[in-house]
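These notes are about the structure you will find just below.
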């Protein structure tokens, strides 16, 4: 089984990205393959050097998901519109297009958006 998780919200402003990452990690731990697509403000989830205090570090959760086998792509046009380049994102996250998102959806058994 394979899930695609689409994250559209920036980290820390709301809890949607946190819930998405927890869902992805739990899925991976249950043996489900996971694709994560960062869309719109969700691209900020992969921005390097986040170090929040007193809240969970979303970047660490994303790194854990990648280590467990998640494939992570960030919308290239969304990133560019926000001044982010691929080198601004953590290792393991590639810039992508809508074609990549369509491919993720086509190969998945389930798609969930946060």
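Numbering (this note's numbering), first residue to last: 922 to 1035.
The C-beta atom is built at its ideal place from N, Cα and C for all residues, glycine as well.
Have a look at the options and flag the residue whose alpha-carbon is nearest the alpha-carbon of residue i.
i            : options             : result
residue 926  : 961, 956, 943, 975  : 956
residue 1021 : 949, 974, 972, 959  : 959
residue 999  : 947, 966, 1030, 976 : 966
residue 938  : 988, 978, 952, 922  : 978
residue 975  : 961, 933, 1028      : 933
Measure from the C-beta of residue i to each C-beta in chain B and report whether the shortest distance is under 8 Å.
i           : result
residue 999 : This model lacks chain B altogether, as it is built from one protein chain only.
Apart from the five residues on each side of it in sequence, which residues of its chain come closer than 6 Å, Cβ to Cβ, to residue i?
i           : result
residue 950 : none
To which residues of the same chain is residue i closer than 8 Å at the C-beta, ignoring the five residues directly before and after it?
i           : result
residue 990 : 949, 954, 955
Can you tell me where the alpha helix (DSSP H) holding residue i begins and where it ends?
i            : result
residue 958  : Element bounds for residue 958: not the alpha helix (DSSP H) but the beta strand (DSSP E), 954–959.
residue 1005 : Looking at the DSSP string, residue 1005 is not in any alpha helix (DSSP H), and its letter there is neither H nor E.
In three-state terms, what does DSSP make of residue i?
i            : result
residue 935  : coil
residue 1018 : coil
Within its chain, find whatever has a CB closer than 7 Å to the CB of residue i; leave out the 5 residues flanking it on each side and keep chain order.
i            : result
residue 984  : 1011
residue 1005 : 964, 968
Could you give the residue range of the beta strand (DSSP E) that holds residue i?
i           : result
residue 924 : 923–928
residue 991 : Where residue 991 is concerned, there is no enclosing beta strand (DSSP E), given that its DSSP letter is neither H nor E.
Below 8 Å on the Cβ atoms is my contact criterion, and I expect residue i with residue j to pass it. Report the Cβ-Cβ distance as a whole number of Å.
i            : j           : result
residue 1025 : residue 928 : That belief does not hold up - the Cβ atoms of residue 1025 and residue 928 are roughly 12 Å apart, past 8 Å.
residue 1016 : residue 997 : 4 Å
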